[in-house]
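Trainee: For the sequence shown, our numbering begins at 18 and goes up steadily by one.
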Amino acid sequence: MITIDGGWLHLKNGALSCLLRVNQWGLLEQAHFGAPVETADGAALACRPGLGWGGSLLLDDSDTASCPDVLALAWSGSGRGDLRESPLELGSATDFRVTDTRVLHGDALMTCGLPQARGAEATLQVTMAQPGAELTLYFALFDTAITRRTVLKNTGNAPITLHKLMSFCMDVPGEFEMSTFDGGWITEAARHTVPVSRSRVVNESLTGFSSNRHNPGFLLSEPGATEDAGRVYGCNLVYSGNHYAAAQRSLQNLTRVMQGISPANFSLTLTPGETFETPEAVLCYSGEGLNGLSDQMHRFISGHIIPPYWRGRARPVVYNSWEGCMFDFTQARLLDLARRAKKLGCELFVLDDGWFAGRDGDTAGLGDYTVNRKKLPQGLTGLSQKISELGLAFGLWFEPESVNENSALYRAHPDWALTDGFPPVLGRHQLLLDLTKPAVRDYIVENVSHILDSANIRYVKWDMNRHSVAQGAKAHAYILGLYDVLRRIFGPRPEILLESCSSGGNRFDPGMLCFSPQIWCSDNTDPIARLSIQGGLSYLYPQSTFGAHVSAAPHAQTLRQTPLATRANVAFFGCLGYELDLRQLLPVEQQEIAAQIAFYKQHRALFQFGRFRRLENGWQVSLDGNFAAGVFHTLAGAAPGYERLRLVGPNKSGRYAVRTRAQALRIGQFGALVKHVAPVPLDPNGVVLRTADRHFLLPDAQEEYHVSGAALVSGILLAPMFRGTGYDKAQRTQADFGSNLYIIEEEPG
Ligand code: DGJ
């Protein structure tokens, strides 16, 4: 509910309160942002500046409370007393004062083409003005979050030059640590945490996109907060371009936090009457630790960002051709793979890169959309028909924003490439198309739409594989162009499942999620690397947004050899797929994968849409009283101690059945050690063991416990792990990178 009462402006839902007031100088004070409170608490929560702060600037020289520098504010100017970082830069002092406040029913819709969250209960609109300019701050109230955005209007007669306009700015009392999610190609979203103190802490992307360097989402947690306890704020930006967020603690112990488009090289002229709208920022709060905060964020993304058609809709099990084939395929090879994928239980066959003319490697062909008839003599129509006849849906890869110099498109329209006035710099041998040009956008929309309508395409992987040269306002205009293209192609085709990708997770943000319900997290599918990548993303995004595939071992990016069971156990916590050459699978691996897919289908809703939590030794999901938990190990230690499975959330007085997902051991992994169990001497490299390894598996521990919810909350001890004393099917025989998955079901009565 949003109320305006006795000078207090109060946005309140079950999770948080955002309490504001317009003070006597027309400044917008942030009296409170955090746990739900009563409006009447405002006076006790707001700052009371006391007798003054030395040489600080006062708006009214006779009143020490008029010192903007020491107030907790929800917006601020520059040069007029607030000496902290300003959310607005116009090249001169700014001094906006509140002129109007009102509550709008539902969403307040944007007009500039940026995507935004939908389904707000109500929106608070605060208007502020200074001579020649007006600012409108929007605070939209959702069930688990609020969003904020800002609109600047030139109301004067002269042009205004805008250098910086944040989506929000707010001061909250207390000390915090800032967690950001950073990395690069194949090492996305690693969590880093630093204290927010007197120096400014910044999370920013300058690549032209939201980037794998620094995800726009970040957390502010009180020191000592854990996964399940403590106060935590979460912020994110519904935007896919250069972003900026800063946090800094003042002398008065107020932490100023702001987020918006990166001001780096940003300069935009607003002519009289013109407006500029910022992207929407998302703000969540939880008093129940990082897991509590993640849950608020997940529910917001699932309920208000994901395109309506795909909210809560089951995602198919994918087979993707990329890692298995790269550019090297024919229709016959694809159909062979599709037949095998179907047999294993996959539901959707995705033809990745390499299907159009000239695209036999990554140096040519981007920009052209003519099917390579040498590889696909019956075109996409013929191939998709044959795939459908096999009982699989068909999906297709595109990289529409890019162009190779070696392409028909570039030869015809070299001026369509995005340039910066310098000789071109290539990334993965390619340039970006200039999406700020209407003709370029029309070309992409027409060509992609034509292909989508020419065959039975149920899924699109929209890839983009380089950083941009565009700076500041041009980079922003590019992102608006991208949203225009996505809206025009997929708006009329909502049932196509769009998976966004950018060299993996180089554009994993709420802006892209407004169009694509899932995003390819990383080209790194090594499960141990994915613990950090999916684990990092899990702080901000629900697992239904994670493209998560099982691939071959040793892994292409890490050379790590991992058990097939662990590859699946990690990928289960996302939208499962397989991405490897199925022709190379041994009979035992086929058997294992078929069982994995059957298991995932049985528990699909739990894995894709259950409530996710990070545990001390793994992850859990829960839905309708049932749980799944993954326990993951990295390097095996000698004589490992007991291990506990400790869940969060079971009904303490309920009864639960805990069962392992059946896993099996490859005989070959024991090498010469088989001598300890074999009745006759066997050569570890000989034909007998090699044959046995292809066809037979050894059972691993099948655990089953019937316990109370209270025991699960306290932690039950799992079967002992291998400790150098031989094979025993009652023990968990795990070497490096082992894992187990448990299904925990509530038992009746
Ligand atoms: C980068 C993506 O991340 C990969 O999954 C694959 O689609 C390649 N591009 C294709 O070129």
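Note that beta-carbon positions come from the ideal geometry of N, C-alpha and C, so glycine has one too.
Can you tell which of Phe589, Arg524, Pro333 has its C-alpha closest to the C-alpha of Phe226?
Mentor: Walking along the sequence shown from the start, residue 226 turns up at place 209. The option with the nearest alpha carbon to Phe226 is Arg524.
Trainee: Going by beta carbon distance, what residues of the same chain come within less than 8 Å of Leu706, once the five residues before and after it are set aside?
Mentor: The residue labelled residue 706 in the question sits at position 689 within the sequence shown. Here the set comprises Ile684, Gly685, Val691, Leu699, Asp700.
Trainee: Can you tell me which of the three DSSP states Met183 falls into?
Mentor: Locating residue 183 in the sequence shown gives position 166, counting from the first residue. Three-state DSSP puts Met183 in a strand.
Trainee: Hey, which unbroken runs of the beta strand (DSSP E) at 3 residues or more fall wholly within the segment 434-498?
Mentor: Qualifying beta strand (DSSP E) stretches, in chain order: 447-449, 474-479.
Trainee: What separation, rounded to the nearest whole angstrom, lies between the Cα atoms of Arg217 and Asn253?
Mentor: Working through the sequence shown from its first residue, we reach residue 217 at position 200. Working through the sequence shown from its first residue, we reach residue 253 at position 236. Taking the straight line from one Cα to the other gives about 18 Å.
Trainee: Between Asp77 and Gly24, what straight-line distance do the alpha-carbon atoms span, to the nearest angstrom?
Mentor: One-based indexing of the sequence shown puts residue 77 at position 60. One-based indexing of the sequence shown puts residue 24 at position 7. Using only the alpha carbons, I get a separation of about 20 Å.
Trainee: Could you pull the DSSP bridge partners for Asp188 from this structure?
Mentor: Position 171 of the sequence shown, counted from the first residue, corresponds to residue 188. In DSSP, Asp188 forms a bridge with Arg273.
Trainee: With three or more beta-carbon pairs closer than 8 Å as the criterion, would you say the segment 434-448 touches the segment 386-405?
Mentor: Not touching, per the Cβ criterion.
Trainee: In its own chain, which residues sit with a C-beta less than 6 Å from the C-beta of Ala653, not counting the 5 before and 5 after it?
Mentor: As a working mapping, residue 653 is identified with position 636 in the sequence shown. So the list reads Ala752, Asp753, once near-sequence residues are dropped.
Trainee: Return helix, strand or coil for Pro716, following the three-state DSSP convention.
Mentor: As a first step, residue 716 must be located in the sequence shown, where it is residue number 699. Strand.
Trainee: Between which residues of its own chain and His650 is the CB-CB distance below 7 Å, once the five residues before and five after are set aside?
Mentor: For this step, residue 650 is matched to residue 633 along the sequence shown. Here the set comprises Gln751, Phe754, Gly755, Ser756.
Trainee: Whole angstroms are fine: how far does the CA of Phe616 sit from the CA of Leu300?
Mentor: Within the sequence shown, the letter at position 283 stands for residue 300. Within the sequence shown, the letter at position 599 stands for residue 616. Straight-line Cα distance between these residues: approximately 36 Å.
Trainee: Is DSSP giving Pro544 helix, strand or coil here?
Mentor: By 1-based counting over the sequence shown, the position of residue 544 is 527. Pro544 falls in the helix class under three-state DSSP.
Trainee: Specify the secondary structure class of Glu764 as computed by DSSP and reduced to three states.
Mentor: Your numbering for residue 764 matches position 747 in the sequence shown. Strand, per DSSP.
Trainee: Count the C-beta pairs between the segment 239-247 and the segment 143-163 that are closer than 8 Å, then say yes if the count reaches three, no if not.
Mentor: No, the segment 239-247 is not in contact with the segment 143-163.
Trainee: What is the residue span of the beta strand (DSSP E) that Pro604 lies within?
Mentor: Here residue 604 is taken as the residue at index 587 of the sequence shown, counted from 1. Where Pro604 is concerned, there is no enclosing beta strand (DSSP E), although the alpha helix (DSSP H) it sits in stretches over 604-619.
Trainee: Between which two residues does the beta strand (DSSP E) harbouring Asn232 extend?
Mentor: Within the sequence shown, numbered from 1, the residue matching residue 232 stands at position 215. Here the beta strand (DSSP E) through Asn232 covers 231-238.
Trainee: If you run the structure through DSSP and keep just helix, strand and coil, what is Gln574?
Mentor: For the purposes of this step, residue 574 is identified with residue 557 of the sequence shown, where counting begins at 1. In this structure, Gln574 counts as coil in the three-state DSSP scheme.
Trainee: Quickly, what does DSSP pair Leu729 with across the bridge? List them, please.
Mentor: Start at 1 with the first residue of the sequence shown, and residue 729 comes out as number 712. Its beta-bridge partners do not exist; DSSP assigns none.
Trainee: Taking only three categories from DSSP, how would you classify Val87?
Mentor: In the sequence shown, the residue the question calls residue 87 occupies position 70. Correct three-state label for Val87: helix.
Trainee: To the nearest angstrom, report how far apart Pro296 and Ser424 are at their CA atoms.
Mentor: Taking the first residue of the sequence shown as position 1, residue 296 is located at position 279. Taking the first residue of the sequence shown as position 1, residue 424 is located at position 407. Spanning the two alpha carbons is a distance of roughly 35 Å.
Trainee: Considering Arg584, what are the terminal residues of the beta strand (DSSP E) in which it resides?
Mentor: Within the sequence shown, residue 584 is the residue found at index 567, counting from 1. Arg584 -> not in any beta strand (DSSP E); alpha helix (DSSP H) instead, spanning 581-588.
Trainee: Going by the DSSP bridge assignment, what does Asp199 pair with across the sheet?
Mentor: For the purposes of this step, residue 199 is taken as the residue at position 182 of the sequence shown. Beta-bridge pairing links Asp199 to Ala207, His231.
Trainee: Taking the alpha helix (DSSP H) that Ser405 belongs to, which residues open and close that run?
Mentor: As a position in the sequence shown, residue 405 is number 388, starting the count at 1. From DSSP, the alpha helix (DSSP H) with Ser405 extends over 396-406.
Trainee: Enumerate in chain order the residues of its own chain whose CB-to-CB distance from Arg428 is below 8 Å, with the five nearest sequence positions on each side excluded.
Mentor: The residue given as residue 428 occupies position 411 in the sequence shown. Excluding positions up to five away in sequence, the list is empty.
Trainee: Does the ligand DGJ have a heavy atom nearer than 6 Å to the CB of Ser520?
Mentor: Taking the sequence shown and counting its residues from 1, one reaches residue 520 at position 503. Yes; taking the cut-off as 6 Å, the Cβ of Ser520 has a heavy atom of the ligand DGJ nearer than that.
Trainee: Would you list the residues sitting across from Arg749 in a DSSP beta bridge?
Mentor: Here residue 749 is taken as the residue at index 732 of the sequence shown, counted from 1. Its beta-bridge partners are Met738.
Trainee: Taking only the alpha-carbon atoms, compute the straight-line gap between Phe415 and Val724 and give it to the nearest angstrom.
Mentor: Sequence index remark: in the sequence shown, residue 415 carries index 398 (1-based). Sequence index remark: in the sequence shown, residue 724 carries index 707 (1-based). The straight-line gap from Cα to Cα measures roughly 50 Å.
Trainee: Run the CB neighbour count on Ala570, radius 10 Å, all protein chains shown included, and call it buried at 16 or more, exposed below.
Mentor: As a position in the sequence shown, residue 570 is number 553, starting the count at 1. Ala570 comes out buried.
Trainee: Do Trp339 and the ligand COA come close, with the Cβ less than 6 Å from some heavy atom?
Mentor: Of the ligands one can find in the structure shown, namely the ligand DGJ, none is the ligand COA.
Trainee: Starting from the N-terminal side, write out each stretch of the beta strand (DSSP E) that is 3 residues or longer and does not extend beyond the segment 342-423.
Mentor: Segments of the beta strand (DSSP E) lying fully in the segment 342-423: 365-368, 410-415, 419-421.
Trainee: Pick from Ala125, Thr272, Ala48: whose alpha carbon is nearest that of Glu102?
Mentor: Counted from its first residue, the sequence shown places residue 102 at position 85. It is Thr272 whose Cα lies nearest to the Cα of Glu102.
Trainee: Please identify the residue among Tyr673, Ala110, Leu141 whose C-alpha is closest to the C-alpha of Gly149.
Mentor: Here residue 149 refers to the residue found at position 132 of the sequence shown. Of the candidates Tyr673, Ala110, Leu141, the one whose C-alpha sits nearest the C-alpha of Gly149 is Ala110.
Trainee: Output the distance between the C-alpha atoms of Arg504 and Gly51, rounded to the nearest integer angstrom.
Mentor: Locating residue 504 in the sequence shown gives position 487, where the first residue counts as 1. Locating residue 51 in the sequence shown gives position 34, where the first residue counts as 1. Going by the C-alpha atoms only, they are around 35 Å apart.
Trainee: Taking only three categories from DSSP, how would you classify Ile536?
Mentor: In the sequence shown, the residue the question calls residue 536 occupies position 519. Strand at Ile536.
Trainee: Using only CA atoms, which one of Thr292, Arg577, Gly594 lies nearest to Ala585?
Mentor: Residue mapping note: residue 585 aligns to position 568 of the sequence shown, counting from 1. Of the listed residues, the one whose Cα sits closest to Ala585 is Gly594.
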